[in-house]
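All remarks here apply to the structure that follows.
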Amino acid sequence: MALGSYDSGSGAMSHAYIQYPPFRCDIPGALGVTYDDANKLLLVPTLGEIYSWSVSSDTLPSDPVVVKISQGPVLGVRFSLDCKILAILRSNTEIEFINREDCNSFKQSCKSSSERILGFFWTDCPDCDVVIVTTSGLELNSLCLGKGKLKLVEKKKQSVSWFVYTHESRLVLLASGTQCKTLSGYQFSAGGIVRLPKFDANFTKSENHRTFVLSSENVFIATMYGRLYCLQTDPLAKMLHIHRFYRDAVISQGSLPTYASNVSVSVVDNVLLVHQIDSKVVLLYDILANTKVPISAPLPLLLRQYKPANSPEKPGADESSLYGEGWVFVNPDVILDHTHGLLWKIQLDLEAVAASSSDVSSLLAFLQRRKCEAAKAKQLSCSILRSIIMERRSLSQVSSALDVLTSAFGHVKRSSSKGTPIGRMSSMPLILTPGMQPAAFATALAISNAAELSYGSLRASSARAFINGEQEIREPEQESSSIRFSETENQAASPHVSPQEMLDNVFAVIDEGMAVENSFLVAVMVQYLRSARAEQLTIPPGLYVLLVRLLARDKCYARIQHIVADQVVEPSKALALELLDIGAQCSQLEEIGTDMLRQVHAHKDYLERLLHKGRLLEGLRYIRQNKVESPPCVRFLEAAAAKDNFVLLASVLRFCCDFVSTFEHTAEFEKFYSILKRDSSK
C-alpha cells in the first residue's frame, strides 16, 4: 500500500481526535449496531443474521463473520469469551443461546413472572459462565451445552433498577432505591467473585425540589493506572464525582468540574476525557496530577483524516458530523454512531498537549505516564528538556525537570529488578490489571509528585523507593501481562528516558549544536548526576567523558582534578583515556588518567602508558601482581633493547620466560636472546 498523509481538514489543533475513516457497517435491514467489549467486536443484528467485525486492531476490519439466527426481536447480543456461543436477548424475559459449532440452541426464561431481564454478560469466573441481571438481582449460571440449558449456581437477591458493566473491569454496578442513588457492585474474574460495599451517589438537590433520579447515563466505570473508579456526573452542579473501589470500601476521591450539564466520558491511555456534548469540546484530566484543573484548555474533538496516496476519498456529511444524536460513548475509548452505523476510536495528540502546556515538570510527568505512544512520549520528553536547557531556564527549573525523568526511570528499574509489582503484599489476593505492567503501574503512582520533590527529599526517598499499595480493587490480570523488564527495559517501547538516552538525545545534541555555554551545560549535567545518583541509576561512562571534555574546553583543569578526587565522576577506561588526551595541557591530569587506567584494570592501555614513559620494570611488576594474561612481551623487549642496556634486557627476557612458559620456544625469544648474546660479548 502506498504511503499516505494526515490532514486535520481545518488545520485546527486539538488534544483528542478521531481517525478517518471509521469502521463502517452498512448492512441492509440492520436492527441497530452494538459493541461487544469483551471480544472487541462490532455487532449488527438483522432479522435472520448477526454480522460481526473484529475491531481489536487499528487496521480496518475485513469481511464480517455472519451467524445465522432465527427471526425475532434482538434487544441485546453478546458472544461468549471463546466466541463459540452466541447469546441473544429476545425479550425482557427470555435469552436465546446458540452453539455456533452444531447450530443447536436453547432458551432461558425468567424464573418468576414478576422479574424482568435487564441484561447479561459473560465471565471467566471458575464457577459461572454467564451472569443474568434481573430486577430481582443477579443469576450466576454455568453453561451445560450437553444438556442444552443453564445451571443456576447462585442467585444474589436485591432490587435492581438498572446496571452498568464493563468487561475491562469485570465489574458490575447495580442501582437501587427510589432515586437509584444506592449503588452496589460485584467483580467477576478468574480469581473469584468480590462483593463491594454499597455506597450512595452524590448529586445536588434541585432548587425547585424536583426529585432527581440517577440513570445509567450518569454512571461510568473507568480504569486509570490500574485503579477502578466509579465516575458519576452531576448535571445540576456540573461536576464529575469520583469514587475509588477498594476491597472493603468505596472512597470518594473528590470531584472534577465539567463546566456543562450534558457530558459523557472516555478514557484514553489512562487520561480522562470529559466530552461537553452541547459545546462539542473535550476536557482532559490526569487523575494522578493531583489537581482539579484540566491538563489544558478545552478544545474541540478533531476529525483527523488519513489520506492514502492518490485517494480522493473524503468524509461524507454523515461522517464529519461530530457529537451527533446517534453517538454513544462506549468504555473506554470507543464511539458508536447508531444513526450511521459507524465506530470511531478516540486518540490523544501528545504533541498538541505538549505544545499547549507551560508547566514543564507537570508536562514531563504526564508524558512519563503514557503507554500507548510511549516512543512519542519519550521523544517529546527529550525535546522539551533540550528546549529548556537551550533557552537557559533557571537551574532550579531544569533540575526539577531532571528529577521527574530520573524518578520515573528509577522506579521502573527498581520494580523490574524485584520482579514483582510495587506495593505491599497483602494476605488477601489482589486482582491486577489486564495488560498493566507492574513496573508501569509503579511509575504511574510515583511520578505524580516527582516535580515537587526537593533534592533532600528525593535522596531520602530513593532509599525507600516504594509505592504505598492499598488493598484496592483493580482489573483482573491477563496471564500475558505478567512480564519482567529486561536490562534495556524495552526502551524503544517505554516513555522513560535512560541515562544513556539522556546522553545521546539531550546532552550530546546540545553540545554538538553549541547551543549554550559550556559552563551552563556543565551545571545542568552536574544536576543530572545528582538526581540520577539519588535514584541509584547507572551512569554511562560517556556522560562523564563529556563533562570532563566541556570543562577542558574552558581550561578548568583544577575543577577536573576536584571532581575526580571527590568522586563526582566514576572511574572508567573511557574517562581515563580522555584525561590522558587532556594531559598534554595539564601534566597532573595525565598522571590522574594513568592511575585511573590501573584502577579500572585496563591492563593493555596502562602498560602502553608505562612503556611510553619508559617505566619498564614498573610495568613488569604490574604484570606479575595482577597476573595479566597475554602480556605484551615483545613490546617490553623492544623497549629494553632500544635502551641499549644489557642488564635491563636480560631482566626483561628472564621475566618473559618465567611468566610465559611457552615464550622460550618462540622466534621472538631466539631473536632477543641473540641480541643479548651479541651485547654480552662486547
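Position 556 of the sequence shown, counting from 1, maps to 556 under the numbering used here, and the rest follow consecutively. Glycine included, C-beta positions come from ideal geometry on N, C-alpha and C.
So the candidates are the options; which of them puts its Cα closest to the Cα of residue i?
| i | options | result |
| --- | --- | --- |
| ALA534 | LYS643, HIS411, TYR622 and SER651 | HIS411 |
| ALA16 | SER169, TYR622, GLY619 and ARG304 | ARG304 |
| MET38 | PRO73, MET13, SER80 and LEU47 | The amino acid occupying residue 38 in the given sequence is Ala; Met does not appear at that position. The candidate whose alpha carbon is nearest that of ALA38 is SER80. |
| ILE50 | THR59, GLY72 and LEU367 | GLY72 |
| ARG78 | LEU529, ASP127 and LEU43 | LEU43 |
| HIS243 | LEU228, PRO257 and ALA237 | LEU228 |
| ILE221 | SER358, ASP333 and LEU546 | ASP333 |
| SER361 | ASP63, SER394 and ASN262 | SER394 |
| ALA574 | SER661, LEU550, CYS586 and TYR544 | TYR544 |
| SER296 | LYS238, GLN253 and SER358 | SER358 |
| PRO197 | ASP248, THR204 and GLN187 | ASP248 |
| VAL219 | TYR285, PHE203 and ALA355 | PHE203 |
| CYS656 | GLN368, GLU638, ASP102 and TYR225 | GLU638 |
| LYS643 | LEU617, ASP200, ASP102 and SER661 | LEU617 |
| GLY48 | SER54, VAL66, THR34 and THR258 | VAL66 |
| THR291 | PRO571, GLY254 and GLY324 | GLY254 |
| ASP36 | ALA260, SER189, ALA584 and ILE335 | ILE335 |
| CYS25 | THR339, LYS107, THR211 and LYS147 | THR339 |
| SER91 | PHE245, CYS110 and CYS103 | CYS110 |
| TYR246 | VAL267, ARG195 and TYR622 | ARG195 |
| GLN19 | THR59, LYS671, PHE672 and GLU570 | THR59 |
| VAL74 | LEU150, LEU322, PHE106 and GLY32 | GLY32 |
| TRP53 | ALA30, ILE69, PHE23 and THR46 | PHE23 |
| ASP129 | ILE277, GLY192 and SER587 | GLY192 |
Of all Cβ atoms in chain C, is any one closer than 8 Å to the Cβ of residue i?
| i | result |
| --- | --- |
| LYS205 | The structure shown contains no chain C; it holds only a single protein chain. |
Using 8 Å as the threshold, is the C-beta distance between residue i and residue j below it?
| i | j | result |
| --- | --- | --- |
| ILE117 | LEU89 | yes |
| ALA552 | ILE582 | yes |
| THR123 | VAL131 | yes |
| VAL274 | LEU240 | yes |
| VAL522 | LEU503 | no |
| PHE163 | LEU152 | no |
| PRO632 | LEU607 | yes |
| GLY177 | LYS155 | no |
| VAL271 | LEU283 | no |
| ILE95 | LEU86 | no |
| ALA576 | LEU610 | no |
| PRO298 | VAL281 | yes |
| SER189 | ARG170 | yes |
| VAL568 | LEU620 | no |
| SER572 | PRO541 | yes |
What is the residue span of the alpha helix (DSSP H) that residue i lies within?
| i | result |
| --- | --- |
| ILE295 | Counting along the chain, ILE295 falls outside any alpha helix (DSSP H), and DSSP gives it neither H nor E. |
| LYS376 | 374 to 390 |
| HIS759 | The structure shown does not extend to residue 759, since the chain is modelled only from 1 through 682, so no value can be given for it. |
| ALA365 | 360 to 368 |
| ASP37 | Unbroken run through ASP37: none, as it is neither H nor E. |
| ASN626 | 616 to 626 |
| ILE88 | Taken as a continuous stretch (DSSP letters only), ILE88 belongs to no alpha helix (DSSP H), being part of the beta strand (DSSP E) at 85 to 91. |
| SER105 | SER105 -> not in any alpha helix (DSSP H); beta strand (DSSP E) instead, spanning 105 to 109. |
| PHE636 | 633 to 642 |
| MET502 | 499 to 502 |
With respect to the beta strand (DSSP E) encompassing residue i, which residues constitute its N-terminal and C-terminal limits?
| i | result |
| --- | --- |
| GLU139 | 137 to 144 |
| ILE18 | 16 to 20 |
| GLU714 | One cannot answer for residue 714 here, as it falls past the ends of the chain, which runs 1 to 682. |
| ARG100 | Careful: ARG100 lies outside any beta strand (DSSP E) and carries neither H nor E. |
| ILE346 | 342 to 348 |
| PHE646 | No beta strand (DSSP E) holds PHE646; the alpha helix (DSSP H) holding it covers 646 to 659. |
| ASP581 | Here ASP581 belongs to no beta strand (DSSP E); instead the alpha helix (DSSP H) covers 573 to 582. |
| THR134 | 130 to 134 |
Which value, in whole angstroms, describes the spacing of the CA atoms of residue i and residue j?
| i | j | result |
| --- | --- | --- |
| ASP269 | ASN331 | 12 Å |
| LEU580 | LYS627 | 25 Å |
| PHE216 | SER161 | Per the sequence shown, the amino acid found at residue 216 is Ser instead of Phe. If I take the Cα positions, the gap works out to 9 Å. |
| VAL263 | THR233 | 8 Å |
| SER400 | PHE120 | 50 Å |
| LEU539 | GLU664 | The amino acid at residue 539 is misidentified as Leu; the sequence shows Ile. So the two alpha carbons sit approximately 45 Å from each other. |
| ARG369 | SER381 | 11 Å |
| SER320 | LEU236 | 31 Å |
| LYS345 | LYS555 | 57 Å |
| GLN108 | ALA355 | 56 Å |
| PRO257 | VAL398 | 32 Å |
| CYS372 | SER387 | 24 Å |
Would you check whether the ligand ATP has a heavy atom nearer than 7 Å to the C-beta of residue i?
| i | result |
| --- | --- |
| ALA16 | No copy of the ligand ATP appears in this structure; indeed no ligand is present at all. |
Inside the region 508 to 558 only - alpha helix (DSSP H) runs reaching at least 4 residues: 508 to 513, 518 to 534 and 541 to 553
In chain order, which continuous runs of the beta strand (DSSP E) of length 3 or greater are located wholly inside the region 54 to 80? 65 to 68 and 76 to 79
Quick check on the DSSP output: what are the complete beta strand (DSSP E) runs of length 3 or more inside the region 231 to 282, in order along the chain? 239 to 245, 250 to 257, 263 to 268 and 271 to 276
Give the list of continuous alpha helix (DSSP H) stretches no shorter than 4 residues that lie fully inside the region 148 to 234. none
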